[in-house]
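Peer 1: My questions all concern the structure below.
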Amino acid sequence: MGTFFKDCEHPQSKWSKCPHEYKIRYRNAAGRQTQEAGFATQDKAISRLTEIYNEKKATPQSQTKAERIKKYGAMRFEEYTNEWKAGQRDLAAASVRHLDSLLEHHLFPALGSRRMNTFDHKVVDSFIQTMERNRAGLATQSNAYDKLKAILLDAHRLGLFSENPLEGVKPPQYDPERAVIPSLAQLRGIRTAGDDAFLLITDLMSGCGMRNGEAAAVNINNIVADDVYRITEQVNQTTKEYGRLKHRKVGVYRDVPLPARVKDTIEWYANKHGTVDGYLLRHPKDPSKTFPHYYLSNQWKKIKHAGEVDIPEGMVLYGFRHFFASNCLTNGIPITDVAEWMGHKSLDITFKIYRHLMPGSIGKAAKILDLGLAA
-14 MGTFFKDCEH PQSKWSKCPH EYKIRYRNAA GRQTQEAGFA TQDKAISRLT
36 EIYNEKKATP QSQTKAERIK KYGAMRFEEY TNEWKAGQRD LAAASVRHLD
86 SLLEHHLFPA LGSRRMNTFD HKVVDSFIQT MERNRAGLAT QSNAYDKLKA
136 ILLDAHRLGL FSENPLEGVK PPQYDPERAV IPSLAQLRGI RTAGDDAFLL
186 ITDLMSGCGM RNGEAAAVNI NNIVADDVYR ITEQVNQTTK EYGRLKHRKV
236 GVYRDVPLPA RVKDTIEWYA NKHGTVDGYL LRHPKDPSKT FPHYYLSNQW
286 KKIKHAGEVD IPEGMVLYGF RHFFASNCLT NGIPITDVAE WMGHKSLDIT
336 FKIYRHLMPG SIGKAAKILD LGLAA
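Counting in the working numbering, the sequence shown runs from -14 upward without gaps.
Here it is as structure tokens:
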């Protein structure tokens, strides 16, 4: 029928007492997700949902489907996509920027004026071929196809297509390059080659698997146990404010292992430099602002340019995070745990990037299985 909720910091158990208004979310007669606000009580929100449900129930399904097909089938792809995009409320600022770039440079130029009811697998194949002719990188092709897929599947659920227009389409095959990972000896040299902030971020990325922005938001209050750190937010490069985690809703966190050395580094830094509301890293010239992302990349460039420490060829800042994955997998920690700790959206991402680090092999498996058979 729909859902009611509140966009506030209070848990659901406190909603009846907090002053914030209720909102409702439901699918309208055309099948589109719709949101309404301004309900003072839970009863009023439920009453409105019930009213909407009864209206939909009284309307013949054949009529509503026909209306959907008539309305959205004749829509241009660009118009439909803009309406679809308005419903993607869980996207973080960086994700919205990435989506806008794909739409502007790839999807709209090729498909923007096409009517929605004319899409089929040949149209999708042609779009992929166009990207190939334009020499778009495989990563870009894969991302653009994923967005087109999400939009067309949304239209398919509305009944615009009798057959799935993606059926039989071979998507672009993007295979990430092998990660360049420093050795333990190289990591020891690199982590002390910059200032104190650089050392702290290096330890957080290599020891806890944090992303750059997550490390920049490190807060001493997030040490929830001697061996557990709770990642709750990141510094958003676009807004320069603390924001939700990548691929996650507001309030969602992930707990990661906290090695003793990393805990020592956090406490050492806090004792030496102090904190602001628990945050360790702030803007070097203005503590009222978040830690700037360029500060880390500028230091990294200086360290590489100086040539005083051993850095593997092709290593980027993300190599510290790659070290975390390598350290986990080569020591037999399950890849499912590693994927969860690193905050990957799917296990497939972790496997594609780090599969060469997994200690298992057919030969090794055969020997292990043989031990069981000989017992």
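Virtual Cβ for every residue (Gly too), placed ideally from N, Cα, C. Every value quoted in this text rests on a predicted model; they were computed, and no experiment measured them.
Are the Cβ atoms of M101 and Y130 separated by less than 7 Å?
Peer 2: No, the Cβ-Cβ distance between M101 and Y130 is not below 7 Å.
Peer 1: Can you tell me where the alpha helix (DSSP H) holding A310 begins and where it ends?
Peer 2: Unbroken alpha helix (DSSP H) run through A310: G304 to T315.
Peer 1: Using the Cβ count rule (16 or more neighbours within 10 Å means buried), how would you classify V209?
Peer 2: So V209 counts as exposed.
Peer 1: Below 7 Å between beta carbons: does that hold for G144 and K50?
Peer 2: Yes, they are a contact pair.
Peer 1: Please look up how many angstroms separate the CB atoms of T224 and A78, rounded, as I've assumed it's under 8 Å.
Peer 2: Yes, T224 and A78 are in contact; Cβ-Cβ is about 5 Å, under 8 Å.
Peer 1: For I136, which residues of its own chain have a beta-carbon under 6 Å away from its beta-carbon, when the five flanking residues on both sides are left out?
Peer 2: So the list reads T66 and W69, once near-sequence residues are dropped.
Peer 1: Around the Cβ of S147, are there at least 16 other Cβ atoms within 10 angstroms (buried) or fewer (exposed)?
Peer 2: Result: exposed.
Peer 1: Can you check the region 108 to 157 for any beta strand (DSSP E) of at least 3 residues that lies completely inside it and give the ranges in chain order?
Peer 2: Counting only runs of 3 or more, we get nothing.
Peer 1: Give me the residue from I54, S80, G192 and D333 with the minimum Cα distance to I251.
Peer 2: It is G192.
Peer 1: Where DSSP assigns a beta bridge to K8, which residues make up the other side?
Peer 2: Answer is F(-10) and A22.
Peer 1: Which two residues bound the contiguous alpha helix (DSSP H) that contains P269?
Peer 2: Run containing P269: none; DSSP gives neither H nor E here.
Peer 1: Taking the C-alpha atoms as reference points, what is the distance between H219 and E226?
Peer 2: Before going further, note that residue 219 is Gln rather than His in the sequence given. Distance between the alpha carbons of Q219 and E226: 8 Å.
Peer 1: Under the three-state reduction of DSSP, which class applies to A77: helix, strand or coil?
Peer 2: Coil.
Peer 1: Measure the alpha-carbon distance for N197 versus K56 and round it to whole angstroms.
Peer 2: Rounded to the nearest angstrom, the two C-alpha atoms are 45 Å apart.
Peer 1: Three-state secondary structure (DSSP) at N221?
Peer 2: Looking at N221 - three-state DSSP - the assignment turns out to be coil, as it is neither helix nor strand.
Peer 1: Comparing alpha-carbon positions, which option in D28, I175, E199 and V81 lies nearest A291?
Peer 2: Nearest C-alpha to A291: I175.
Peer 1: On the three-pair Cβ rule with 8 Å, is the region 238 to 254 touching the region 281 to 296?
Peer 2: As far as the Cβ criterion goes, the region 238 to 254 does not touch the region 281 to 296, which means the pair count is below three.
Peer 1: Going by other Cβ atoms of all chains shown within 10 Å of its Cβ, with 16 needed for buried, is Y38 buried or exposed?
Peer 2: Label assigned to Y38: exposed.
Peer 1: Three Cβ pairs or more, each shorter than 8 Å: is that satisfied between the region 272 to 280 and the region 293 to 304?
Peer 2: Not touching, per the Cβ criterion.
Peer 1: On the three-state DSSP scale, how would you describe R173?
Peer 2: R173 falls in the helix class under three-state DSSP.
Peer 1: Residues in the same chain with beta-carbon distance under 7 Å from P277, minus the five sequence neighbours each way, listed in chain order, please.
Peer 2: Closer than 7 Å at Cβ, skipping near neighbours: H268.
Peer 1: Rounding to the nearest angstrom, what Cα-Cα distance links V323 and C313 in this structure?
Peer 2: Rounded to whole angstroms, V323 to C313 spans 7 Å at the Cα level.
Peer 1: Comparing alpha-carbon positions, which option in L151, S(-2), I186 and R12 lies nearest L34?
Peer 2: Among L151, S(-2), I186 and R12, the Cα nearest to that of L34 is on R12.
Peer 1: Using C-beta distances below 6 Å, list every residue in its chain close to T(-12), excluding the 5 sequence neighbours before and after it, in chain order.
Peer 2: Excluding sequence neighbours, T(-12) sits near R10.
Peer 1: Among L230, L151, I166 and Q126, which one has its Cα closest to the Cα of L138?
Peer 2: The candidate whose alpha carbon is nearest that of L138 is L151.
Peer 1: Is D(-8) close to chain B, meaning its C-beta is less than 7 Å from at least one C-beta of that chain?
Peer 2: As a matter of chain content, chain B is missing from the structure shown, which is built from one protein chain.
Peer 1: Within 10 Å of its beta-carbon, does H(-5) have 16 or more other beta-carbons around it, so buried, or fewer, so exposed?
Peer 2: H(-5) is exposed by the Cβ-count criterion.
Peer 1: Would you say L281 and I186 are within 7 Å of each other, going by their C-beta atoms?
Peer 2: It is a contact, given that the beta carbons lie within the stated cut-off.
Peer 1: If I measure Cβ to Cβ from W326 and keep anything under 6 Å in the same chain, skipping five residues before and after, which residues do I get?
Peer 2: Excluding residues within five positions, the ones whose Cβ falls inside 6 Å are G194 and V241.
Peer 1: Can you say whether A170 is buried or exposed, counting buried as having 16 or more other CB atoms within 10 angstroms of its CB?
Peer 2: So A170 ends up on the exposed side.
Peer 1: Give, in chain order, every unbroken run of the alpha helix (DSSP H) that is at least 4 residues long and sits entirely within the region 239 to 265.
Peer 2: Listed in chain order, they are 245 to 258.
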